[in-house]
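K.L.:
Take this structure first; my questions come after.
Protein chains: 2
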Amino acid sequence: MQSAQDENGSTVVYDDVLRIADADPPKQGHGTERQAASQRVSIGDVARLADVAPITVSRALRNPQKVSPDKRARIEQAVAQTGYSINPHASALKSGRSNVVLAFASNLMSEQFASALKTCAAVLEDAGYLFLVGQTSYSYERETAALRSLHAMKPAAVMLTGVIELESNRELLRGLGIPIMETWALPRDPIDMLVGFSNTEAGRLAADMLFRRGYRKVAYVGRRGGRGALRLQGFREGCQALGIRLVCEELVDDVTGVSDGRRCLSSVLARPEKPDALFCSNDVLALGCMMEARRFNVRVPTDLGILGFGQSDIAAEIPPGLTMIGVDSALLGREAGAMLIASLAGTPPTQKLKRLDLIVSEGGSL
Amino acid sequence: MQSAQDENGSTVVYDDVLRIADADPPKQGHGTERQAASQRVSIGDVARLADVAPITVSRALRNPQKVSPDKRARIEQAVAQTGYSINPHASALKSGRSNVVLAFASNLMSEQFASALKTCAAVLEDAGYLFLVGQTSYSYERETAALRSLHAMKPAAVMLTGVIELESNRELLRGLGIPIMETWALPRDPIDMLVGFSNTEAGRLAADMLFRRGYRKVAYVGRRGGRGALRLQGFREGCQALGIRLVCEELVDDVTGVSDGRRCLSSVLARPEKPDALFCSNDVLALGCMMEARRFNVRVPTDLGILGFGQSDIAAEIPPGLTMIGVDSALLGREAGAMLIASLAGTPPTQKLKRLDLIVSEGGSL
DNA sequence: CCTGTCAATGACAACGTTACCATATTAAGA
DNA sequence: TCTTAATATGGTAACGTTGTCATTGACAGG
Numbered sequence: 001m002q003s004a005q006d007e008n009g010s011t012v013v014y015d016d017v018l019r020i021a022d023a024d025p026p027k028q029g030h031g032t033e034r035q036a037a038s039q040r041v042s043i044g045d046v047a048r049l050a051d052v053a054p055i056t057v058s059r060a061l062r063n064p065q066k067v068s069p070d071k072r073a074r075i076e077q078a079v080a081q082t083g084y085s086i087n088p089h090a091s092a093l094k095s096g097r098s099n100v101v102l103a104f105a106s107n108l109m110s111e112q113f114a115s116a117l118k119t120c121a122a123v124l125e126d127a128g129y130l131f132l133v134g135q136t137s138y139s140y141e142r143e144t145a146a147l148r149s150l151h152a153m154k155p156a157a158v159m160l161t162g163v164i165e166l167e168s169n170r171e172l173l174r175g176l177g178i179p180i181m182e183t184w185a186l187p188r189d190p191i192d193m194l195v196g197f198s199n200t201e202a203g204r205l206a207a208d209m210l211f212r213r214g215y216r217k218v219a220y221v222g223r224r225g226g227r228g229a230l231r232l233q234g235f236r237e238g239c240q241a242l243g244i245r246l247v248c249e250e251l252v253d254d255v256t257g258v259s260d261g262r263r264c265l266s267s268v269l270a271r272p273e274k275p276d277a278l279f280c281s282n283d284v285l286a287l288g289c290m291m292e293a294r295r296f297n298v299r300v301p302t303d304l305g306i307l308g309f310g311q312s313d314i315a316a317e318i319p320p321g322l323t324m325i326g327v328d329s330a331l332l333g334r335e336a337g338a339m340l341i342a343s344l345a346g347t348p349p350t351q352k353l354k355r356l357d358l359i360v361s362e363g364g365s366l
Numbered sequence: 001m002q003s004a005q006d007e008n009g010s011t012v013v014y015d016d017v018l019r020i021a022d023a024d025p026p027k028q029g030h031g032t033e034r035q036a037a038s039q040r041v042s043i044g045d046v047a048r049l050a051d052v053a054p055i056t057v058s059r060a061l062r063n064p065q066k067v068s069p070d071k072r073a074r075i076e077q078a079v080a081q082t083g084y085s086i087n088p089h090a091s092a093l094k095s096g097r098s099n100v101v102l103a104f105a106s107n108l109m110s111e112q113f114a115s116a117l118k119t120c121a122a123v124l125e126d127a128g129y130l131f132l133v134g135q136t137s138y139s140y141e142r143e144t145a146a147l148r149s150l151h152a153m154k155p156a157a158v159m160l161t162g163v164i165e166l167e168s169n170r171e172l173l174r175g176l177g178i179p180i181m182e183t184w185a186l187p188r189d190p191i192d193m194l195v196g197f198s199n200t201e202a203g204r205l206a207a208d209m210l211f212r213r214g215y216r217k218v219a220y221v222g223r224r225g226g227r228g229a230l231r232l233q234g235f236r237e238g239c240q241a242l243g244i245r246l247v248c249e250e251l252v253d254d255v256t257g258v259s260d261g262r263r264c265l266s267s268v269l270a271r272p273e274k275p276d277a278l279f280c281s282n283d284v285l286a287l288g289c290m291m292e293a294r295r296f297n298v299r300v301p302t303d304l305g306i307l308g309f310g311q312s313d314i315a316a317e318i319p320p321g322l323t324m325i326g327v328d329s330a331l332l333g334r335e336a337g338a339m340l341i342a343s344l345a346g347t348p349p350t351q352k353l354k355r356l357d358l359i360v361s362e363g364g365s366l
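Structure, rendered in structure tokens:
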């Protein structure tokens with residue numbers, strides 16, 4: 001164990017961290033033409049080495065089939081020898097295009113967004129794009145700031161976990177003239193492309209499920225704004241249509257953790273008229289409700305049925321297992337990625353709209 | 001409710017999504033000089049409008065104090081009027097710098113990484129940087145690919161959730177000549193900067209905590225590689241030093257969900273010699289263990305004490321509440337951000353190393 | 001009044017790439 | 001054989017910005 005002083009004077013004890021010297025040390029000119037490695041090598045250097053014009057190197061890299069096999073081979077060798085990699089800034093400056101696909105998540109901490117981004121990234125990276133994620137934090141201000149910087153950056157496409165609500169921001173994105181993917185809802189007039197599902201229908205489906213299982217006096221717990229509001233709207237409609245009484249709506253502005261869910265359930269239980277079931281349109285809140293129910297010895301589902309929205313692995317595992325309505329967010333990401341690629345490839349009759357089915361995962365909470 | 005057909009022929013029912021027409025429509029020339037908005041306006045256009053040279057506009061934007069107040073005002077007005085925003089590619093090409101800070105997460109789905117990235121992003125964005133996150137997915141191959149593209153992209157700095165293990169990738173990052181931040185461990189020889197904590201010490205502390213509470217026959221559950229291996233190493237050392245018997249080590253290669261944790265506990269309980277406590281060096285696994293214990297009517301902590309590692313909100317809330325060793329990942333992100341900014345500002349005597357204290361959050365599981 | 005110093009500003013060129021057009025080469029059709 | 005078209009390649013310029021250096025004027029010290 002080795003130690004040293006950091007600048008604060010406290011003793012630092014280092015961990016031993018595994019180092020891996022890879023068997024295949026990367027790009028080193030075989031023989032004498034060892035390159036300064038870290039330093040800049042331009043397309044001109046490669047061209048000189050391969051004895052072609054720079055433009056040919058450019059072509060060989062982006063449209064290999066437009067260059068004759070022999071030159072292509074020479075160029076490939078020169079690239080390998082020099083360790084050349086294209087300067088994306090110069091390329092983007094001249095061509096007005098880049099190979100970066102920018103994603104914006106309203107919240108990096110959501111398991112479901114993360115899962116969709118992960119699959120979407122996989123699809124796009126396989127197609128040679130660089131997939132980067134920025135954050136907007138459920139705030140219009142941050143969203144606007146992020147989109148401004150985006151405007152300048154000329155990405156190849158944009159992926160959003162959600163839909164843009166602010167009209168000026170919609171306009172800004174539309175003006176970019178690149179593929180834009182919105183998700184997680186089903187707006188009447190998407191900016192460009194959409195892979196989503198109906199949140200109001202999710203609400204109606206929730207009412208339907210509760211009705212079928214005999215519940216007639218229910219409560220709603222969810223976020224006040226955005227998609228939460230849509231689910232509530234659908235839920236209200238469904239309840240009304242089926243003759244279910246919606247005895248209370250417990251709305252929160254912002255979900256920071258399961259404790260918000262706990263609070264919601266306490267508050268619901270404190271009402272004079274107790275519901276026999278609960279639709280919780282947010283999985284973190286649902287989790288909190290489940291826990292609080294246990295704490296108050298409210299048996300689920302005997303005393304209170306709970307229906308959640310989302311895909312929480314953990315909520316499904318906590319006894320008696322939360323029954324949830326949701327979508328396959330990994331699938332959503334994959335579909336979005338595929339659709340973006342099709343649009344980027346430019347074949348005009350691209351599908352621009354995909355509606356995902358809602359899926360129900362059965363637990364024991366209803 | 002409105003409907004239409006998508007390209008697959010299924011009926012699409014649109015949600016009503018909230019639209020917000022903002023009261024303050026952005027940048028529109030007051031009066032006649034309305035700009036084509038979406039189209040490119042260059043520094044030259046601004047310069048012409050302000051009746052100065054392009055270079056002066058450039059200066060006014062990056063070093064306002066180097067331009068006289070009157071010209072600065074004219075320029076600002078021209079910028080507002082045209083809606084000009086700097087072309088980051090041209091800027092990066094010429095200057096070799098950019099205002100993008102790139103972060104790489106080995107796993108976007110980790111609550112803790114997300115939390116650190118969130119706070120780090122906040123700090124850097126406040127300082128005017130654009131914070132983007134890429135993914136490496138715990139795979140050396142992806143990591144290498146990501147770092148290659150990074151090499152070309154010349155970000156202002158790089159933030160990593162973890163440390164780089166592959167020597168060739170370490171070399172690559174070192175060669176960039178920009179601030180590099182590693183985290184979440186305490187390697188002997190960081191690439192550049194480090195905000196981390198000792199994983200072996202976490203293991204030793206775990207042994208210590210178990211010892212103090214009277215446990216003498218314990219089991220370990222965790223990931224096989226990376227930091228998990230370090231925690232195990234520390235735990236072994238601690239157990240040996242204190243005379244605790246480590247009756248089994250249950251290692252998993254990859255954690256995909258709580259079910260992995262369930263499996264681990266089953267497997268531990270199936271051993272002939274049952275431990276009286278468990279150190280679970282991963283919070284998802286710990287959660288699974290807690291659930292499985294409940295299912296098998298193993299009372300926690302009476303029959304089996306469980307100590308976790310991490311910061312899981314949910315694990316802390318599940319009765320009896322998981323006791324955990326961990327770090328404040330939001331703090332980690334903030335510290336990393338602050339250190340990066342200091343380094344970017346260029347004042348040489350920058351602190352390059354910060355060791356975070358381990359924190360213990362008490363639940364009822366020990 | 002002259003010279004040296006400093007601040008403010010501008011002219012010019014260059015960063016590395018690709019769009020555009022021109023040319024050379026080859027294949028195909030009459 | 002002669003055009004016509006298609007393919008392969010290169011020359012030139014330009015994308016929008018900023019580094020470098022030169023110029024201007026103001027001001028202080030001699």
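Chains A and S, in that order, are what the protein sequence lines are. Residue 145 in the UniProt record's numbering sits at position 145 of the first sequence; the count goes up by one each step and never skips. Residue 14 in the UniProt record's numbering sits at position 14 of the second sequence; the count goes up by one each step and never skips. The beta carbon of each residue, even a glycine, is placed where N, CA and C say it ideally should be.
Give the DSSP-derived three-state secondary structure of residue 291 (chain A) in the structure shown.
P.N.:
DSSP places residue 291 (chain A) in helix when its eight states are reduced to three.
K.L.:
Is the beta carbon of residue 196 (chain S) closer than 7 Å to that of residue 205 (chain S)?
P.N.:
Result no, Cβ atoms of residue 205 (chain S) and residue 196 (chain S) do not sit closer than 7 Å.
K.L.:
Could you please tell me which residues of the stretch 94-124 of chain A, in chain order, have their CB closer than 7 Å to any CB of chain S?
P.N.:
Going along the stretch 94-124 of chain A in chain order, one finds 108, 109, 111, 114, 115, 117, 118, 121 with a Cβ nearer than 7 Å to chain S.
K.L.:
Using a threshold of 7 Å, state whether the C-beta atoms of residue 271 (chain A) and residue 292 (chain A) are closer than that.
P.N.:
No, these two residues do not count as a Cβ contact at 7 Å.
K.L.:
Determine the contact status of residue 221 (chain S) and residue 269 (chain S), defining contact as a CB-CB distance below 7 Å.
P.N.:
No, the Cβ-Cβ distance between residue 221 (chain S) and residue 269 (chain S) is not below 7 Å.
K.L.:
At the level of alpha carbons, what is the spacing between residue 357 (chain A) and residue 328 (chain A)?
P.N.:
The straight-line gap from Cα to Cα measures roughly 9 Å.
K.L.:
Could you check if residue 63 (chain S) is buried or exposed, using at least 16 other CB atoms within 10 Å of its CB as the buried criterion?
P.N.:
With fewer than 16 Cβ atoms within 10 Å of its Cβ, residue 63 (chain S) is classed as exposed.
K.L.:
Beta-carbon separation of residue 310 (chain A) and residue 283 (chain A) under 7 Å?
P.N.:
Their beta carbons are under 7 Å apart, which means residue 310 (chain A) touches residue 283 (chain A) by this criterion.
K.L.:
From which residue to which residue does the alpha helix (DSSP H) around residue 231 (chain A) run?
P.N.:
Residue 231 (chain A) -> alpha helix (DSSP H) spans 226-242.
K.L.:
Which same chain residues end up closer than 8 Å to residue 71 (chain S) when comparing Cβ atoms and leaving out the 5 residues on each side of it in sequence?
P.N.:
50, 52, 56, 60, listed in sequence order.
K.L.:
Out of curiosity, what's the CA-to-CA distance linking residue 198 (chain A) and residue 319 (chain S)?
P.N.:
Roughly 35 Å separates the two Cα atoms.
K.L.:
Between residue 320 (chain S) and chain A, is there a C-beta pair that is closer than 7 Å?
P.N.:
It does not: the Cβ of residue 320 (chain S) has no partner Cβ on chain A nearer than 7 Å.
K.L.:
So if I threshold CB-CB distances at 7 Å, which residues from the stretch 296-317 of chain S count as touching chain A?
P.N.:
Going along the stretch 296-317 of chain S in chain order, one finds 313, 314, 317 with a Cβ nearer than 7 Å to chain A.
K.L.:
Could you list which residues in chain A have their beta carbon closer than 8 Å to that of residue 131 (chain S), in chain order?
P.N.:
Those within 8 Å of residue 131 (chain S) in chain A are 134, 135.
K.L.:
Show which residues of chain A have a CB atom less than 7 Å away from the CB atom of residue 287 (chain S).
P.N.:
Residues of chain A passing the Cβ test: 314.
K.L.:
Compare the C-beta of residue 258 (chain A) with all C-beta atoms of chain S and state if any pair is closer than 7 Å.
P.N.:
Output row for residue 258 (chain A): interface = yes.
K.L.:
Counting only Cβ-Cβ distances shorter than 8 Å, please list the residues of the stretch 147-160 of chain S near chain A, keeping chain order.
P.N.:
So the close ones are 148, 149, 151, 152, 153, 154.
K.L.:
Are the stretch 163-172 of chain S and the stretch 329-340 of chain S touching by the rule of at least three beta carbon pairs closer than 8 Å?
P.N.:
With the cut-off at 8 Å, the stretch 163-172 of chain S and the stretch 329-340 of chain S do not touch.
K.L.:
Residue 247 (chain S): which of S:119, S:275, S:241, S:304 sits nearest, CA to CA?
P.N.:
Minimum Cα distance to residue 247 (chain S) is reached at S:275.
K.L.:
Which residues share a DSSP beta bridge with residue 161 (chain A)?
P.N.:
Beta-bridge pairing links residue 161 (chain A) to A:105.
K.L.:
Count the other C-beta atoms from every protein chain shown that fall within 10 angstroms of the C-beta of residue 77 (chain A), then say buried if there are 16 or more, exposed otherwise.
P.N.:
The residue is exposed, with fewer than 16 neighbouring Cβ atoms inside 10 Å.
K.L.:
Report yes or no: is there a C-beta of chain S within less than 7 Å of the C-beta of residue 26 (chain A)?
P.N.:
Residue confidence is low: residue 26 (chain A) scores 43 on pLDDT, short of 50, so the model does not pin down where it sits. No coordinate-derived value is stated.
K.L.:
Could you pull out every residue in the same chain whose Cβ sits closer than 8 Å to the Cβ of residue 201 (chain A), ignoring the five residues on either side in sequence?
P.N.:
Cβ neighbours of residue 201 (chain A) beyond the five flanking positions: 234, 358.
K.L.:
Rounding to the nearest angstrom, what Cα-Cα distance links residue 122 (chain S) and residue 165 (chain S) in this structure?
P.N.:
So the two alpha carbons sit approximately 27 Å from each other.
K.L.:
With a cut-off of 7 Å, does the C-beta of residue 193 (chain A) fall near any C-beta of chain S?
P.N.:
Judged by the 7 Å Cβ criterion, residue 193 (chain A) is not in contact with chain S.
K.L.:
What residues are listed by DSSP as bridge partners for residue 268 (chain S)?
P.N.:
BP columns for residue 268 (chain S) are empty, so no partner.
K.L.:
Roughly how many angstroms lie between the CA atoms of residue 83 (chain S) and residue 150 (chain A), to the nearest whole one?
P.N.:
Answer to the nearest angstrom: the Cα atoms are 14 Å apart.
K.L.:
Grab the span of the beta strand (DSSP E) containing residue 66 (chain S) for me, first residue to last.
P.N.:
Neither: residue 66 (chain S) is in no beta strand (DSSP E) and is coded neither H nor E.
K.L.:
Residue 287 (chain A) and residue 255 (chain A) look like a contact to me (Cβ under 8 Å); what is the Cβ gap, rounded to whole Å?
P.N.:
Actually they are not in contact, since the Cβ atoms of residue 287 (chain A) and residue 255 (chain A) sit about 11 Å apart, beyond 8 Å.
K.L.:
Per DSSP, what are the beta-bridge partners of residue 220 (chain A) in this structure?
P.N.:
Paired residues: A:249, A:279.
K.L.:
Go through its chain and collect everything with a Cβ distance to residue 353 (chain A)'s Cβ below 6 Å, but skip five positions before and after it.
P.N.:
Same-chain partners within the cutoff: 194.
K.L.:
Inspect the CB distances between the stretch 132-151 of chain S and the stretch 119-134 of chain A and report whether three or more fall short of 8 Å.
P.N.:
Yes: at least three Cβ pairs fall under 8 Å.
K.L.:
Under 7 Å between C-beta atoms, does residue 88 (chain A) make it to chain S?
P.N.:
Chain S, which has a Cβ nearer than 7 Å to the Cβ of residue 88 (chain A), makes this yes.
K.L.:
Is there at least one Cβ from chain S nearer than 7 Å to residue 181 (chain A)'s Cβ?
P.N.:
False, the Cβ-Cβ gap to chain S never drops below 7 Å.
K.L.:
Can you pull out the residues from the UniProt domain "HTH lacI-type" (41-95) of chain A whose beta carbon lies closer than 7 Å to at least one beta carbon of chain S?
P.N.:
Within the UniProt domain "HTH lacI-type" (41-95) of chain A, the qualifying residues are 85, 86, 87, 88, 89, 90, 92, 93.
K.L.:
Drop a sphere of 10 angstroms on the beta-carbon of residue 65 (chain S), count the other beta-carbons inside from all chains shown, and report buried for 16 or more, exposed for fewer.
P.N.:
Answer is exposed; the Cβ neighbour count stays below 16.
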